[in-house]
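Keeping their order, the protein sequence lines are chains A and B. Under full-length UniProt numbering, read the first sequence as residues 1 to 231, first letter to last. Under full-length UniProt numbering, read the second sequence as residues 1 to 235, first letter to last. Glycine included, C-beta positions come from ideal geometry on N, C-alpha and C. Everything numeric in this text was worked out from a predicted model, so none of it was measured.
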Amino acid sequence: MASIIARDLGMQFQQRQLFSGANLHFAEGDCIYLMGDNGSGKTTLMKILAGLQTPSSGSVSAEGFATKKLWQKNTLNGCAVYLHQHPYLYDGTVKDNLKLALELAPADSAGSAIAEALELAKLGHLAKSQASHLSGGERQRLAIARAWLLKPRLLMLDEPVSNMDKESRELVLAMTARLKADGTGLLIASHQHGQLTALCTSRWLIQDGRIATNLDIRFTPSQETHYVLAN
Amino acid sequence: MNEGWFALIQQALGLLFSLDKDVWSIIWVSFGVSLAALLITLLPSVLLGFVLAFTQFRGRNFVLNLVQTLQSIPTVVIGLLVYLLLSRMGPLGDLRWLFTQKGMILGQMLICAPVLIAMSQAAFTSADRRAWETALTLGASLPRAIMMVCRELRGPLLLAVIAAFSRIVTEVGCSMMVGGNIEYVTRNIPTAIALETSKGDFAQAIALGLVLLFLAIIMNFALGSLRGKNQVRSH
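And the structure:
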C-alpha cells in the first residue's frame with residue numbers, strides 16, 4: 001500500500017514555529033480532514049508531504065511507490081499530488097492541460113481518458129476554451145480532473161471549495177467522492193466543514209505548534225472550530 | 001558624399017540582390033559567428049538564470065551583481081580581455097584563436113551570456129511559483145518541469161534571446177580587436193560598415209546596414225506577434 005510517512009516533522013520560518021515533533025502516516029484509502037487556523041501551517045504541511053518544501057526538522061519518506069524517474073527533483077514529487085487552493089493552469093486550452101497530465105501519467109493511461117476526465121469535470125463544452133478564461137469553480141474542477149488523469153494514489157486538496165458556488169461545490173464533491181471510491185488517499189484542508197469534509201474518516205488538527213492525528217471525525221464545530229464558522 | 005541618397009540606396013540594394021560575393025560573405029560571417037555564440041551560450045545561461053531565480057545559495061547576490069556588471073562593460077573592454085587571453089603570451093595563446101572566427105565566437109559569448117542570464121533571471125523571477133510546483137507535483141522530471149516553466153515564459157525568454165542576439169550581431173569593438181577584420185574570414189557586418197564608411201564606400205555600408213535593419217524589423221515583429229497572443233492572466 002502506498003503511503004507517505006513523516007517522522008519527527010518540524011517546520012519553522014525564522015523565529016516562528018509552525019509545528020514540531022509530528023509523526024504522520026498518510027496512506028492509500030485514507031480520507032483525512034486537515035484542520036487548523038489561518039497561518040497554522042496547513043498548506044506548508046501539504047507542500048512538505050508533496051516534496052515541494054523542505055522541513056526544518058524530521059524526515060518524510062514514501063513507501064509503496066514505483067522507483068522514481070531519473071532526474072526527479074525530490075523522490076516525493078508525484079507521490080502525493082498537491083492541488084493549490086487556486087490551482088495553476090498552464091497556458092492553452094482546457095484540453096491542452098489535460099493532455100499535459102496524460103503525458104506525465106503512467107504509461108498504461110488510455111488516450112480516451114481525456115474525454116472521461118472532461119465528462120467527470122463536466123467541462124466537455126469548454127474543452128477548446130482557454131484555461132485562463134475559466135471561472136474559479138471550473139478551474140478547480142479542471143485541476144482535479146488533471147490530477148485524476150495521473151491516477152494518483154495520494155491526493156492533497158488545499159481548500160478545494162473555498163468561495164465556490166453551490167453547483168461547483170457539488171461537482172467537486174462528486175469528483176472527490178469518485179477519487180475516494182477509486183481508493184485514492186485524500187488529505188483535505190478546508191475551512192468549511194460541509195459535505196466534502198463529511199467524506200473524511202479521520203481528522204488532523206494543527207494547533208499550538210502540534211499536529212494531532214487520528215482524531216475522531218465526529219466533532220462539534222462550535223466547540224473546536226469557531227474559525228470555521230467565522231470564515 | 002557626392003552621390004545622392006537615392007542613388008546610394010539603389011546601389012546598396014543592387015549589391016544585396018545581385019548576391020554580391022563580398023557583401024554576402026560579410027553577412028554569412030556575421031550571422032555564423034553570432035548564431036554560434038548565441039547557441040553555445042543559450043542553454044547554460046537560461047539554466048543559470050533559472051537557478052538564480054528559483055534557489056537561494058551563498059554567493060547568489062554576488063553572482064547577480066557580477067552578471068549585472070558584465071552586462072554594462074563596453075564590448076571593446078571585453079575585446080581587450082579576450083585579446084589578452086588569446087594573444088601568444090596569454091593563457092589561451094596555444095589555441096591560436098586570435099584573428100579567427102573561434103576567437104570572435106568566444107568574445108561574443110562573453111558579451112551574450114550576461115544579457116541572457118540577467119534577462120532570463122528576471123523572467124523566471126516574474127514567474128508564478130505555482131507553475132513550477134504544479135509541474136513537480138504532477139510528477140514531471142526536473143528537465144521537464146523546467147521546460148514547462150519556460151513554455152509559460154516563452155515571451156520574456158524570447159525577448160532575452162532577441163536582446164542578446166541584437167547586442168552581439170551589432171557590436172564592433174570586440175569583433176574588431178579579436179577578429180581583426182580580415183576579409184572573407186573575420187569581417188562581419190559592424191566591422192565592415194566601420195571600414196567601408198571610413199573608406200567612403202557608402203553603398204556597401206548601407207547595404208549591410210539595411211540587413212541589420214531588416215533583421216531588427218523581423219525580430220521585433222515576431223516578438224510582437226507572440227506578445228499579442230499572450231494575454232494578461234487573472235490567476
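Within 8 Å (strictly less), CB to CB, does residue i reach chain C?
i: D91/A; result: In the structure shown, chain C cannot be found, because the protein chains are A and B.
Residue i: buried (16+ other C-beta within 10 angstroms of its C-beta) or exposed?
i: Y184/B; result: exposed
i: A230/A; result: Summary for A230/A: the model assigns pLDDT 39, below 50, so the residue's position carries little reliability; its value from the coordinates is reported in the next sentence. With fewer than 16 other Cβ atoms within 10 Å, it is exposed.
i: P143/B; result: exposed
i: N97/A; result: buried
i: P91/B; result: exposed
i: L66/B; result: exposed
i: G185/A; result: buried
i: I218/B; result: exposed
i: V29/B; result: buried
i: A181/A; result: exposed
i: T137/B; result: buried
Taking residue i as the reference, which of the options has the closest Cα?
i: A163/B; options: V82/B, A113/B, V77/B, L19/B; result: A113/B
i: S57/A; options: A2/A, S20/A, N77/A; result: S20/A
i: G209/B; options: L223/B, F99/B, P190/B, I217/B; result: P190/B
i: V169/B; options: E152/B, I182/B, L215/B; result: L215/B
i: K95/A; options: S40/A, A62/A, L118/A; result: L118/A
i: K42/A; options: S132/A, K151/A, G209/A, N214/A; result: G209/A
i: E138/A; options: V172/A, I4/A, A107/A, A113/A; result: V172/A
i: N220/B; options: L158/B, I182/B, P74/B, D201/B; result: L158/B
i: L104/A; options: G139/B, G103/B, L98/B, T100/B; result: G139/B
i: L106/B; options: L64/B, T41/B, L195/B, R167/B; result: T41/B
i: S34/B; options: T186/B, L153/B, L213/B; result: T186/B
i: V161/A; options: H191/A, S129/A, L134/A; result: H191/A
i: T100/B; options: A118/B, L19/B, M177/B, A194/B; result: M177/B
i: N188/B; options: L16/B, I78/B, S25/B, I217/B; result: S25/B
i: Q14/A; options: E28/A, I32/A, L24/A, P55/A; result: P55/A
i: V46/B; options: I73/B, S120/B, I78/B; result: S120/B
i: R167/B; options: R154/B, L116/B, K199/B, G200/B; result: L116/B
i: L223/B; options: L86/B, I193/B, L153/B; result: L153/B
i: A53/B; options: R129/B, L98/B, F17/B, S72/B; result: R129/B
Note down the Cα distance separating residue i from residue j, rounded to an integer number of angstroms.
i: F31/B; j: L38/B; result: 10 Å
i: M11/A; j: Q17/A; result: 6 Å
i: A145/A; j: W132/B; result: 19 Å
i: Q11/B; j: D22/B; result: 14 Å
i: G92/A; j: S126/B; result: 19 Å
i: D8/A; j: I206/A; result: 14 Å
i: F165/B; j: G180/B; result: 21 Å
i: D165/A; j: I111/B; result: 54 Å
i: residue 244/A; j: R141/A; result: In the structure displayed, chain A extends from 1 to 231; residue 244/A sits before or after that span and is not available.
i: L150/A; j: R88/B; result: 60 Å
i: L84/B; j: G93/B; result: 9 Å
i: Q223/A; j: G59/B; result: With a pLDDT of 43 at Q223/A, under the threshold of 50, the modelled position of this residue cannot be trusted; read the value that follows with caution. Cα to Cα, the separation comes out at about 50 Å.
i: S141/B; j: R151/B; result: 15 Å
i: L215/A; j: L34/A; result: 10 Å
i: G39/A; j: L212/B; result: 56 Å
i: D37/A; j: A212/A; result: 13 Å
i: C200/A; j: S132/A; result: 31 Å
i: L179/A; j: Q85/A; result: 18 Å
i: L64/B; j: M109/B; result: 18 Å
i: L70/B; j: A145/B; result: 29 Å
i: M1/A; j: G194/A; result: 29 Å
i: T197/A; j: P44/B; result: 47 Å
i: D20/B; j: A101/A; result: 53 Å
i: F62/B; j: L81/B; result: 21 Å
i: V77/B; j: V161/B; result: 22 Å
i: V228/A; j: R203/A; result: Per-residue confidence for V228/A stands at a pLDDT of 41, beneath the threshold of 50, marking its modelled position as unreliable; the derived number appears in the next sentence. Approximately 15 Å between the Cα atoms of the pair.
Which same chain residues end up closer than 7 Å to residue i when comparing Cβ atoms and leaving out the 5 residues on each side of it in sequence?
i: M46/A; result: Y82, M156, D158, L187, A189
i: T44/A; result: M11, L18, Q53
i: W5/B; result: none
i: L8/B; result: F202, A203, I206
i: S225/B; result: none
i: A177/A; result: L199
Quick one: what's got a C-beta closer than 8 Å to residue i's C-beta in the same chain, skipping five residues either side?
i: V149/B; result: F50, F124, A127, A131, W132, A135
i: L13/B; result: A207, L210
Enumerate in chain order the residues of its own chain whose CB-to-CB distance from residue i is below 6 Å, with the five nearest sequence positions on each side excluded.
i: T197/B; result: A205
i: T75/B; result: I111, E171, G173, C174
i: A143/A; result: L83, P87
i: E63/A; result: S3
With respect to 7 Å, is the separation between the Cβ of residue i and the closest non-hydrogen atom of the ligand PLP below this value?
i: N23/A; result: Looking at this structure, you won't find the ligand PLP or any other ligand, since it has none at all.
Can you pull out the residues from the segment 42-63 of chain A whose beta carbon lies closer than 8 Å to at least one beta carbon of chain B? Sequence-ordered contacts of the segment 42-63 of chain A with chain B read K47, A50, G51, L52 [C-beta pairs closer than 8 Å].
In the segment 118-150 of chain B, which residues sit with their C-beta less than 8 Å from some C-beta in chain A, listed in chain order? For the segment 118-150 of chain B, which is checked against every Cβ of chain A, the residues closer than 8 Å are D128, R130, A131, E133, T134, L136, T137, L138, G139, A140, S141, L142, P143, R144, A145, M148.
Could you please tell me which residues of the segment 136-163 of chain A, in chain order, have their CB closer than 8 Å to any CB of chain B? Only R139, R146, A147, L150 from the segment 136-163 of chain A bring a Cβ to less than 8 Å from some Cβ of chain B.
The segment 7-28 of chain A: positions lying closer than 8 Å to chain B by Cβ: Taken residue by residue, none of the segment 7-28 of chain A has a beta-carbon sitting less than 8 Å from a beta-carbon on chain B.
Give the residues from the segment 96-125 of chain A that approach chain B closer than 7 Å (Cβ to any Cβ), ordered along the chain. If you check each beta-carbon in the segment 96-125 of chain A against every beta-carbon of chain B, the ones closer than 7 Å belong to A101, L104.
Please identify, using Cβ separations under 8 Å, the residues of the segment 149-175 of chain B that lie next to chain A, in order along the chain. Within the segment 149-175 of chain B, the qualifying residues are R151, E152.
Against chain B, which members of the segment 179-196 of chain A pass a CB distance test of less than 9 Å? Flagged: no residues at all.
Taking Cβ-Cβ distances below 7 Å as the criterion, which residues of the segment 75-90 of chain A are in contact with chain B? So the close ones are N77, G78, V81, Y82, H84, H86, Y88, Y90.
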